[in-house]
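To convert, note that position 138 of the sequence shown is 138 in UniProt numbering; the numbers rise steadily by one, no gaps. All C-beta atoms, glycine included, are put in the ideal place defined by N, C-alpha and C. Being a predicted model, the structure only gives us computed values, none of them experimental.
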Amino acid sequence: MEYRQVYDSWKSDPEGFWMDAARQIDWERPPSRAWFDQGPAGEWFADALVNTCWNAVDRHVEAGRGDQPAIIHDSPITGTRQSLTFRDLRDRVARLAGALRARGVGKGDRVIIYMPMVPEALEAMLACTRIGAIHSVVFGGFAARELAVRIDDAKPRAIIAASCGLEPGRIVHYKPLLDAAIDSAAHKPDFCVILQREQAIADLIPERDHEWQAFQQGVMPADCVAVEGNHPAYILYTSGTTGQPKGVIRHTAGHLVALNWSMGNIYGINAGDVFWAASDVGWVVGHSYICYAPLITGATTVVFEGKPVGTPDAGTIWRVIGEHGVKSFFTAPTAIRAVKREDPEGELIGNYDLSSLQAVFLAGERADPDTIQWLEDRLHLPVLDHWWQTETGWSIAANPFGIEHMPVKKGSPSVAMPGYDVQILDDAGTPVPTGTLGSIAVKLPLPPGTLPSLWNAEARFRKAYLERFPGYYETGDAGYVDEDGYLYIMARTDDVINVAGHRLSTGAMEEVLASHPAVAECAVIGVADALKGEVPLGFLCLKRRVETGNDQIAREVVALVRDRIGPVAAFRTACVVERLPKTRSGKILRATMVKLANGEEVSAPATIDDPVILDEIAAALRDAGYPRQQG
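Written as structure tokens, this is what we have:
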């Protein structure tokens with residue numbers, strides 16, 4: 001079947017489509033139907049009984065593939081490689097789950113996981129799902145205050161952490177951050193389990209803290225506990241959360257069905273293949289496509305502890321793909337831009353055998369056409385953008401490589417996936433004509449695997465996602481659909497700027513800036529202007545070994561925007577900077593840059609990769625005459 005046939009088959013019979021997809025999952029009690037009209041946004045497979053860990057691990061051992069690698073851990077920072085088979089993983093997860101159960105952790109209890117990119121992080125996640133506990137992974141190294149907020153919201157029975165995480169050239173000591181968070185939180189966990197890493201052995205607090213190996217000695221391994229289809233598998237707090245947390249819930253059954261469907265149909269991955277999502281378990285990509293989806297499918301997942309550049313060079317990505325036989329690779333555009341900046345001609349690609357690779361998938365930040373073209377020219381393989389959110393857990397729009405490799409339109413993540421009826425709405429909630437910029441919304445119900453609500457915050461869920469456009473899920477993104485049904489994500493709704501009454505996309509301007517041969521990465525923000533309301537301001541990171549002067553490049557990109565978008569854009573200023581402020585997952589902190597440019601008070605967001613960058617941006621803004629007096 002081609003994509004259009006598959007999508008139409010869903011649209012004509014959603015119930016039958018998802019019940020058919022559900023047959024690929026092992027059920028303790030199969031669902032009687034797919035859709036249940038209950039809860040604030042509906043639920044999927046709610047009356048089933050099922051276990052995530054069984055479907056991700058045990059069933060592959062039972063099927064005779066126990067000796068197949070389940071996890072490959074590659075750490076260029078420590079110079080180590082490790083492989084765990086499905087049998088190894090089952091035994092280790094069952095033992096950890098048994099130890100948690102022996103200490104009183106059971107179905108419905110919450111467990112916070114605060115770990116770096118090591119196999120034990122996945123073991124902890126799977127051990128929780130094995131016994132019906134609800135895990136909440138917090139990005140390793142998150143500030144103590146932010147961790148404390150999550151402790152108070154999730155109220156965990158236990159916390160599983162590592163003594164440290166490793167970054168190029170430095171050790172991040174997790175244990176002192178954990179201790180400070182517990183001290184300041186109103187809720188106290190019953191106990192903590194600490195994985196001691198040799199790079200930094202942490203002091204343990206008697207009675208509360210248990211060393212990883214000692215904690216598991218002498219316990220009976222735990223069997224899988226079947227839970228209801230609408231039992232939460234995990235809570236994931238969204239990036240940038242401060243104050244009142246925003247915990248996305250993922251129900252167990254819909255999560256299994258949707259992720260299993262996505263691996264074959266979107267990524268072209270089947271049992272026995274090797275898949276690498278270069279993210280972190282602290283983010284949704286790490287949940288969906290490092291831990292769960294590959295293992296549910298019976299594929300091998302790569303767990304990578306390193307960076308795209310600097311561990312040791314811009315060839316690291318290609319080394320990992322070549323060494324481990326990666327078939328599909330999933331990363332953020334910002335990682336490719338970092339590689340392109342350090343190795344503009346892609347010379348290091350030629351050092352590795354990439355014959356196993358069938359496609360590269362990009363998500364997390366808008367993939368500019370220049371980055372896609374750069375990869376295509378050097379890999380001679382499909383480079384496919386796709387778009388989804390923490391809230392959805394899997395692709396809203398994608399090029400369904402496993403069904404049909406559709407024509408690529410650079411700048412578009414392609415077409416809506418089954419389950420998503422995507423609409424472009426004006427401010428009144430009315431669908432707009434083809435090609436018109438508007439708010440992107442999804443007609444309810446959302447498909448399996450998406451959020452049914454927020455943890456302890458149903459009213460906030462309704463207000464944040466359902467109230468503005470009744471009958472729709474509001475994505476918070478702006479864009480348009482072309483005559484072929486291809487979706488274009490142009491900006492967050494907040495990043496559509498109003499210049500003298502004209503609604504303009506900062507993403508469209510970034511596309512123009514990125515096309516300049518000297519530009520490695522860029523961002524455009526809207527800043528306050530007394531005359532026009534808002535005007536765009538550009539930031540440029542240049543490629544290495546560029547000989548043209550910064551002022552000349554800035555003049556050239558201003559001319560490019562004027563030529564391709566027009567004088568209406570009022571684009572007159574571009575600042576050259578060494579780097580852009582980003583979250584650890586690679587998203588550019590545009591809203592923070594807007595505040596700096598407008599002279600508002602700014603505190604470093606909890607998710608920022610390096611707070612020092614804000615000082616560099618502030619200095620560049622001062623040199624450009626910002627903030628400006630209004631009025």
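Beta-carbon proximity check, residue i vs residue j, cutoff 8 Å
i: Met115; j: Cys291; result: no
i: Glu365; j: Lys587; result: yes
i: Gly449; j: Gly254; result: yes
i: Ala397; j: Val415; result: yes
i: Ile46; j: Gly229; result: In the sequence as displayed, the identity of residue 46 is Ala instead of Ile. Contact: yes.
i: Val274; j: His324; result: yes
i: Thr392; j: Leu362; result: no
i: Cys128; j: Val111; result: yes
i: Ile77; j: Leu166; result: yes
i: Asp368; j: Glu547; result: no
i: Ser163; j: Gln213; result: no
i: Ile525; j: Leu537; result: yes
i: Val248; j: Thr390; result: yes
i: Glu28; j: Val50; result: yes
i: Val219; j: Gly98; result: yes
i: Ile113; j: Ile160; result: yes
i: Trp44; j: His251; result: yes
i: Trp388; j: Ile489; result: no
i: Gly346; j: Arg378; result: yes
i: Val481; j: Val527; result: no
i: Arg87; j: Gly64; result: no
i: Asp484; j: Phe304; result: no
i: Lys340; j: Pro168; result: no
Reduced DSSP secondary structure (H/G/I, E/B, other) of residue i
i: Met117; result: coil
i: Met509; result: helix
i: Arg81; result: strand
i: Glu207; result: coil
i: Ala528; result: strand
i: Trp394; result: coil
i: Met263; result: helix
i: Glu521; result: strand
i: Phe215; result: helix
i: Asp385; result: strand
i: residue 666; result: Residue 666 cannot be examined here, being either before or after the span of the chain that is shown, 1 to 631.
i: His251; result: strand
i: Asp477; result: strand
i: Phe469; result: coil
i: Glu228; result: strand
i: Ser184; result: helix
i: Val546; result: coil
i: Ala179; result: In the sequence on display, residue 179 carries Asp and not Ala. Asp179 falls in the helix class under three-state DSSP.
i: His502; result: strand
i: Ala233; result: strand
i: Ile497; result: strand
Counterpart residues of residue i in DSSP-defined beta bridges
i: Pro536; result: Gly526
i: Gln423; result: Ala441
i: Ala314; result: In DSSP, Ala314 forms no bridge with anything.
i: Gly165; result: Val172
i: Glu404; result: Answer is none; Glu404 lacks a bridge partner.
i: Ser328; result: Phe275 and Ala359
i: residue 633; result: Missing from the structure shown is residue 633; the chain here goes from 1 to 631 and no further.
i: Ile194; result: Ala161 and Glu211
i: Ser75; result: Thr80
i: Ser414; result: Leu487
i: Arg492; result: Asp477
i: Ala200; result: Arg197
Of all the beta strand (DSSP E) runs that stay within the bounds of the segment 274-309, which reach a length of 3 or more residues?
274-277 and 300-304
With three or more C-beta pairs closer than 8 Å as the rule, is the segment 443-457 touching the segment 476-487?
no
Assess, as a yes-or-no matter, whether the segment 403-414 is touched by the segment 549-560 under the definition of 3 or more beta carbon pairs within less than 8 Å.
no
What are the uninterrupted segments assigned as alpha helix (DSSP H) that are 4 or more residues long and contained completely in the segment 96-146, given in chain order?
119-130
Going residue by residue through the UniProt domain "Acetyl-coenzyme A synthetase N-terminal" (3-56), where are the continuous alpha helix (DSSP H) segments of at least 4 residues, counting only ones entirely within it?
3-12 and 14-22
Is the segment 251-265 touching the segment 20-27 in the sense that three or more CB pairs, one from each, lie closer than 8 Å?
yes
Would you check if the segment 139-154 and the segment 172-191 touch, i.e. whether three or more CB-CB distances between them fall below 8 Å?
yes
May I have a chain-ordered list of the beta strand (DSSP E) segments no shorter than 3 residues that lie completely inside the segment 427-457?
438-443
Does the segment 511-530 come close enough to the segment 439-446 to have 3 or more Cβ pairs within less than 8 Å?
no
Does the contact criterion of 3 or more C-beta pairs under 8 Å hold for the segment 88-97 versus the segment 12-22?
no
With contact counted as at least three CB pairs below 8 Å, one residue from each stretch, are the segment 264-271 and the segment 298-314 in contact?
yes
At which residue ranges does the segment 548-621 contain complete beta strand (DSSP E) runs of 3 or more residues, listed in the order of the chain?
574-576
What are the complete alpha helix (DSSP H) segments, minimum 4 residues, inside the segment 343-381?
369-379
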